[in-house]
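Residue numbers (my numbering), protein chains in the order written: chain A, 7 to 289; chain B, 7 to 289; chain C, 7 to 289; chain D, 7 to 289.
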């Protein structure tokens with residue numbers, strides 16, 4: 007598979023958008039391999055993802071952005087351009103639980119996630135051993151209410167130093183400050199409930215208490231509001247009266263692994279377009 | 007299939023319960039066709055359902071209760087006794103939407119629900135025509151904040167008059183008063199969300215706004231607290247950015263029909279045991 | 007919602023297809039409300055669905071086909087053109103079971119299926135009563151191995167007479183002849199198994215015998231090969247050892263209703279593109 | 007949790023079975039923590055699982071079997087007795103794919119599988135490195151049509167030597183001989199299709215060719231007939247036209263991991279009772 011370029015575009019709906027964007031690719035000799043669009047009529051927004059092969063495309067990479075900008079600006083479009091051979095760098099943040107971490111590493115090794123994982127950050131030393139096993143740097147940054155600001159500064163410094171594109175909170179279990187999120191907005195979190203049910207702490211315990219018959223997990227982008235960010239993926243599993251809290255936690259682990267991995271995968275493939283509090287996931 | 011008797015029992019956990027209950031059936035010549043039990047170790051409660059054939063059972067029906075009581079009382083057990091040939095009578099309460107009503111009638115006609123449906127109550131006249139079609143009495147009891155108490159009295163009188171065992175709120179869309187529920191506690195409601203997400207009004211609109219990837223429906227017993235009663239059944243369906251609110255409502259209709267029908271069915275089969283805010287559904 | 011036109015196109019993959027098709031719409035003043043495409047790289051085929059508003063479109067309806075043909079022919083494209091305000095006419099074929107029939111009628115009445123249902127054909131007289139109830143013509147065409155050819159001629163004549171666009175086999179339970187299918191190829195069938203498991207008769211019985219833990223239903227276009235046509239939709243439900251054959255049949259009914267309705271709906275919305283033995287369903 | 011004993015019993019249905027078995031436990035001072043039963047009326051067979059705490063049970067372990075036999079024999083019952091603190095020993099057999107192997111090891115380490123994994127056998131040397139990483143013995147036993155019998159003898163010898171209770175074929179991709187299975191019948195296999203669809207080789211390729219909309223995986227006990235053994239667990243996942251064979255394989259991996267792990271778990275908990283070609287899984 008040769009390298010591809012992908013445009014993610016959102017702009018006010020109007021006639022001719024598909025034609026204009028497709029013409030831009032075609033006029034420059036590009037071969038579209040994936041194109042999908044969606045119009046949100048409620049807000050009058052057109053959203054599209056176009057992916058084309060760079061082989062045979064006349065424009066050199068560095069000229070694509072300026073050339074496309076000339077089309078996008080009059081349309082008042084917001085857009086991102088990505089190249090498939092630019093491998094994003096992920097920092098995985100963990101606390102004490104290892105299942106999501108191991109799963110992400112396994113999938114990256116199995117080529118399901120096209121990314122590098124050079125960095126693990128944790129507020130606990132426990133999972134250092136896994137980092138060692140896979141040759142990933144592990145930084146133990148203990149955090150509490152008193153030292154939060156300075157420790158977040160340390161974390162941001164690590165992200166810069168390792169040239170990180172995406173932070174994945176793989177059961178990190180702590181809230182990021184508003185300041186952190188505004189400085190580093192590319193963060194995906196896995197919440198162990200079917201949001202918006204059971205926002206916050208101990209969702210499995212609360213799901214058990216409520217006597218629900220199905221539990222879930224939710225992967226979302228992190229915003230300053232706890233568990234309120236745009237949802238990327240959700241999944242559920244059936245439970246019964248036979249399942250106690252420990253069973254919910256065990257069954258939930260499988261959900262968490264699966265949902266987080268799917269969300270990270272579609273993000274890495276530049277299939278997720280955020281607008282307002284919502285996402286379009288172009289499958 | 008010959009008639010059966012079913013005991014639903016809950017009592018503090020202790021040694022010998024299975025033996026004692028099984029011996030009661032066996033000593034009287036009964037043949038158990040279904041027995042299931044569950045111990046909730048968190049609260050130390052033993053819950054069981056035993057169903058046996060009445061053919062060959064030595065005790066006449068009217069003596070089963072007093073005989074079993076002699077066993078249950080020393081164990082501090084709560085219990086119910088049901089006979090499979092006693093056909094419960096259902097009142098279906100509706101507002102303007104017909105899908106759950108039609109589905110319940112269809113299933114009753116198809117022998118999926120072992121019950122009679124002699125009565126439909128509605129706060130709107132719209133669905134009278136369906137009642138006529140199937141020969142079911144339809145009572146239009148318009149209700150508002152001013153006349154609620156007297157109209158609920160009228161509703162209770164109808165339930166008595168028609169000898170109703172179970173009220174099914176098939177998209178009734180109004181809240182029953184605390185007083186009503188304490189006078190007639192056997193009420194199943196369908197809520198068009200995956201509880202506890204989106205308690206209250208307009209759940210599909212709110213699910214859309216939140217950008218969830220899965221929607222659900224919940225059937226539960228009605229208590230005085232809105233959408234807080236013990237959950238009997240839940241089901242979900244995947245949605246995408248392509249689904250607007252109208253699509254959620256359409257997809258939700260299928261969920262609502264399915265979930266409500268399943269809940270009513272297991273209730274009618276005496277498979278649901280409520281304790282605290284939870285249910286055990288003995289499948 | 008104003009009327010729309012929809013093109014379903016498949017053609018050998020090549021550069022510029024998206025641009026060419028979009029330009030055709032745009033150049034004639036059309037506003038695209040849905041566009042989706044898929045490339046099957048294994049066979050080098052480009053498949054697309056484009057829907058645009060007719061309001062403001064400069065070409066009169068009768069000129070769209072010839073105008074588009076001038077674009078399509080050099081590309082060796084196969085295509086269909088549909089207008090959203092042309093309401094297709096469905097004939098539902100049944101045997102003795104009523105659940106799929108009732109469900110389709112109910113959905114049509116609830117505006118979930120944009121079609122007319124003027125005709126029911128059956129090899130049994132049993133469901134005449136339902137046809138009467140809803141004011142649909144019912145033709146009893148008993149069929150056996152001896153009279154098959156002449157009876158199929160009668161059925162074809164009815165389809166012509168009623169101007170039918172689509173036949174839905176809603177548990178018709180008989181095989182159409184090769185001759186019939188070649189004369190009237192627009193036929194959707196519901197098979198009560200998860201194809202290709204349990205092709206042919208008595209799938210629930212055989213699923214029970216095999217001890218599967220999940221059962222399914224499949225909606226597919228009918229071809230001359232039994233249960234081998236292109237699959238439109240499938241769904242499954244979990245079963246357990248507690249479910250006997252009667253339970254499988256009961257649970258299966260819900261699957262059958264749901265799967266058939268979804269398949270008919272996407273077909274009526276011109277979202278299904280068949281190529282080879284496969285379908286693309288543009289959601 | 008103190009140690010428990012579990013009886014898995016199947017016997018011809020007759021009056022008093024629940025009472026007899028429960029009395030045996032109660033009379034000896036046992037506290038039942040789980041009891042479930044099922045009657046297969048089609049074949050007149052009663053199947054039950056009873057688990058009770060050994061603490062306070064008067065009979066010493068070595069006398070339970072003879073004592074219970076006195077009850078079971080007149081009833082013509084088949085039965086197994088297991089103790090929860092006897093940790094079964096698993097041999098995992100693999101070929102070249104590591105995902106099921108890694109998943110099983112991870113779950114065993116996470117205490118989801120109460121077993122030891124002292125042995126990995128493979129017909130390829132590739133996964134030796136994983137065995138080393140986790141300190142598990144790895145035996146490379148290359149096998150082909152010529153050397154099958156002698157290599158199976160070697161494999162059987164290894165199972166004896168390592169005192170193995172259960173063989174898990176974690177994508178072993180080769181067929182065991184009738185002779186092997188009769189000598190070592192405790193074997194669980196994961197088949198990468200929704201059986202009975204796509205028995206045999208290349209199920210994902212064939213699922214893609216057939217154009218199914220859902221794929222599945224099946225865990226079953228191995229018998230001499232290929233992919234015909236009693237099914238323990240199945241699961242499915244939805245696919246679309248966008249998924250090519252590589253996507254099916256990727257999505258299937260998650261199914262395979264999940265389904266195999268669940269099947270091994272319920273087997274290890276002595277929750278699976280096989281009769282004929284079927285299983286009862288007591289949840």
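Glycine included, C-beta positions come from ideal geometry on N, C-alpha and C.
Secondary structure at residue i, three-state DSSP: helix, strand or coil?
| i | result |
| --- | --- |
| residue 178 of chain C | coil |
| residue 270 of chain D | helix |
| residue 80 of chain A | helix |
| residue 260 of chain B | helix |
| residue 134 of chain C | helix |
| residue 234 of chain D | coil |
| residue 19 of chain B | coil |
| residue 72 of chain A | helix |
| residue 149 of chain B | coil |
| residue 28 of chain A | helix |
| residue 96 of chain A | strand |
| residue 201 of chain B | coil |
| residue 252 of chain B | helix |
| residue 1 of chain A | The structure shown has nothing for residue 1 of chain A, since chain A only spans 7 to 289. |
| residue 265 of chain D | helix |
| residue 139 of chain C | helix |
Would you give the residue range spanned by the alpha helix (DSSP H) that residue i belongs to?
| i | result |
| --- | --- |
| residue 214 of chain C | 209–216 |
| residue 187 of chain A | 184–189 |
| residue 114 of chain A | 105–115 |
What distance in whole Å lies between the Cβ atoms of residue j and residue i, which are believed to be in contact at a cut-off of 8 Å?
| i | j | result |
| --- | --- | --- |
| residue 109 of chain C | residue 136 of chain C | That pair is no contact at about 11 Å. |
| residue 57 of chain B | residue 40 of chain B | 4 Å |
| residue 149 of chain D | residue 129 of chain D | 5 Å |
| residue 232 of chain D | residue 258 of chain D | 19 Å between Cβ atoms; not a contact. |
| residue 90 of chain D | residue 10 of chain D | 4 Å |
| residue 164 of chain B | residue 186 of chain B | The pair is not a contact, with the Cβ atoms about 12 Å apart (cut-off 8 Å). |
Since residue i is in the beta strand (DSSP E), which residue starts that stretch and which ends it?
| i | result |
| --- | --- |
| residue 242 of chain A | 237–244 |
| residue 166 of chain A | Per DSSP, residue 166 of chain A belongs to no beta strand (DSSP E); it is in the alpha helix (DSSP H), 154–167. |
| residue 143 of chain B | 143–146 |
| residue 125 of chain D | 122–128 |
| residue 278 of chain C | 278–281 |
| residue 286 of chain D | 284–287 |
| residue 64 of chain C | First-last for residue 64 of chain C: undefined, no H or E at that position. |
| residue 222 of chain C | 220–227 |
Which residues does DSSP list as the beta-bridge partners of residue i?
| i | result |
| --- | --- |
| residue 59 of chain D | D/10 and D/37 |
| residue 173 of chain C | C/97 and C/193 |
| residue 86 of chain C | C/14 |
| residue 52 of chain D | D/17 and D/45 |
Self-check item: Touching by the beta-carbon criterion (3+ pairs, under 8 Å), the region 207–226 of chain C and the region 236–243 of chain C
Solution: At 8 Å Cβ cutoff, the stretches touch.
Exercise. Please determine if the region 26–36 of chain A and the region 17–33 of chain C are in contact, where contact requires at least 3 C-beta pairs separated by less than 8 Å.
Key: Because the criterion of three Cβ pairs below 8 Å is met, the region 26–36 of chain A and the region 17–33 of chain C touch.
Exercise. Indicate whether the contact test is met: 3 or more Cβ pairs, each with one atom in the region 278–288 of chain D and one in the region 115–122 of chain D, closer than 8 Å.
Key: Taking 8 Å as the limit for Cβ pairs, the verdict is that the region 115–122 of chain D does not touch the region 278–288 of chain D.
Practice problem: Would you be able to state if there are at least three C-beta pairs under 8 Å between the region 73–93 of chain A and the region 81–97 of chain D? | Solution: No, the region 81–97 of chain D does not touch the region 73–93 of chain A.
Quiz item: Taking one C-beta from the region 190–201 of chain B and one from the region 172–180 of chain B each time, how about it: are there three or more such pairs within less than 8 Å?
Solution: Three or more beta-carbon pairs separated by less than 8 Å link the region 190–201 of chain B to the region 172–180 of chain B, which places the two stretches in contact.
Quiz item: Are the region 212–220 of chain A and the region 260–280 of chain A in contact at 8 Å, needing three or more beta carbon pairs?
Solution: They do not touch, by the three-pair rule.
Quiz item: For the region 140–159 of chain D against the region 67–76 of chain D, are there 3 or more C-beta pairs whose distance is under 8 Å?
Solution: Between the region 140–159 of chain D and the region 67–76 of chain D, the count of C-beta pairs closer than 8 Å stays below three; the two stretches do not touch.
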